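S.K.:
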Amino acid sequence: MGQLHASPGGRFEFSYLPAAKAEPGFVPLAQFPRLGEVYESDVLPAFFANRVMSRQRETYPEYAHQLGLNDATATPVEILVRSGGSRATDTFHIVDDLRYHPQGAVVSRFLASGVRHLRGATDRIASLRAEQELVLRDEPDNPVNARAILIDERAGEPVGYVPDWLADDVHELRSASNEVRIFVEQANPDARPHLQLLCRLEAHGVRTD
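FYI, in UniProt numbering the residues of the sequence shown are 1 to 209.
Encoded structure:
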């Protein structure tokens, strides 16, 4: 429930969102202990920097490519928002704000979740091509999240899920726009399941009033 802003000049600002301040019993991060303060820094704060793979790692170029980024030019913030910055030791997840463009368009890129739980998903991902359009399918009987949204290669042939952190936004976009479409940005069938499918969501004619 916080927001990290990276300025073009290389400064970083972190602050808590109003929802965090209103949440009973909310515990702030040790690095950012005061809810009402804006924390400024000339370097990416350690809480976030520790969630970015080091460029010195032998696997970094392949990892950046799987995220659809150029390993030579990708910034730590781009790596963070594309990967989610997840760690096995906690449940924090970093996400990118939905980007609103002129003429009421919204674009978001994300990694499909739940691939390992869907039988045959990896085989189907292996046959996908960049820019191929996919199909969104609600799954109201999902035992974990009644607002879950499947991503199908074709109707009834799932290749992943819209991540839970994005699902509510997708539902809202479908109610507030002329159309919402999803495309293959990049398929990585040989990667670990959570990196196998990079998607691009586009919404057009979004009404913001």
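For glycine and all other residues, C-beta sits at the position ideal for the given N, C-alpha and C.
Note that this is a predicted model, so its numbers are computed, not measured.
(1) Give me, in chain order, the residues of the same chain whose beta-carbon lies closer than 7 angstroms to that of W165; leave out the 5 immediate sequence neighbours on both sides.
(2) Taking the alpha-carbon positions, what's the L134 to V162 distance?
(3) Which residues mark the beginning and the end of the beta strand (DSSP E) in which S108 is found?
(4) Quick check: what's the CA-CA separation for L67 versus L111?
(5) Check A191 in the structure and name its three-state DSSP category.
(6) Ends of the alpha helix (DSSP H) at F26?
(7) Kindly give me the distance between the Cβ atoms of S108 and L201, rounded to whole angstroms, as I take these residues to be in contact under 8 angstroms.
(8) Residue range of the alpha helix (DSSP H) that H117 falls in?
(9) Roughly how many angstroms separate the alpha carbons of K21 and I125, rounded to a whole number?
(10) Whether or not the stretch 190-205 and the stretch 52-70 are in contact is what I'm after, with contact meaning three or more pairs of Cβ atoms, one per stretch, closer than 8 angstroms; do they touch?
(11) Give a yes or no on whether the C-beta atoms belonging to A148 and V180 are separated by under 8 angstroms.
(12) Can you give, in chain order, each stretch of the beta strand (DSSP E) that sits fully within the UniProt domain "HIRAN" (112-182) and has at least 3 residues?
(13) Does DSSP classify F47 as helix, strand or coil?
(14) Going by DSSP, which residues form a beta bridge with L198?
(15) By Cβ distance, which residues of its chain are closer than 6 angstroms to F183, with the 5 residues on each side in sequence left out?
(16) In chain order, what residues of the same chain lie with their CB nearer than 8 angstroms to the CB of S177, ignoring the 5 residues before and after it?
(17) Quick one: is the Cβ of G84 within less than 7 angstroms of any heavy atom of the ligand ADP?
(18) When we look at the beta-carbon of E153 and count the other beta-carbons within 10 Å, is it buried (16 or more) or exposed?
(19) State the DSSP-derived secondary structure class of S41, mapped to helix, strand or coil.
(20) Would you kindly report the start and end of the unbroken beta strand (DSSP E) that includes L69?
M.R.: According to the data block:
(1) Within the same chain, W165 has close Cβ partners H93, V95.
(2) Those two C-alpha atoms are separated by around 12 angstroms.
(3) For S108, the enclosing beta strand (DSSP E) begins and ends at 105-111.
(4) Taking C-alpha positions only, L67 is separated from L111 by approximately 8 angstroms.
(5) Of the three classes helix, strand and coil, the one that applies to A191 here is coil, per DSSP.
(6) From DSSP, F26 is part of no alpha helix (DSSP H); its letter is neither H nor E.
(7) About 5 angstroms separates the Cβ atoms of S108 and L201, confirming a contact at the 8 angstroms cut-off.
(8) It is not in any alpha helix (DSSP H) - H117 carries neither H nor E in the DSSP assignment.
(9) Roughly 41 angstroms separates the two Cα atoms.
(10) Contact between the stretch 52-70 and the stretch 190-205 is established, with three or more Cβ pairs separated by less than 8 angstroms.
(11) It is not a contact, given that the beta carbons lie outside the stated cut-off.
(12) Qualifying beta strand (DSSP E) stretches, in chain order: 133-138, 149-154, 157-161.
(13) DSSP places F47 in the helix class (H, G or I) of the three-state scheme.
(14) In the DSSP assignment, L198 is bridged to L111, Q186.
(15) The residues E131, E133, R200, in chain order, have a CB closer than 6 angstroms to that of F183 in the same chain once the five nearest residues on each side in sequence are set aside.
(16) Short of 8 angstroms from the beta carbon of S177, and not among the five residues preceding or following it, lie these beta carbons of its own chain, in chain order: G104, V106, A203, H204, G205, V206, R207.
(17) The ligand ADP is absent from the structure shown, which contains no ligands of any kind.
(18) With 16 or more other Cβ atoms inside 10 Å of its own Cβ, E153 counts as buried.
(19) S41 falls in the strand class under three-state DSSP.
(20) Taken as a continuous stretch (DSSP letters only), L69 belongs to no beta strand (DSSP E), as it is neither H nor E.
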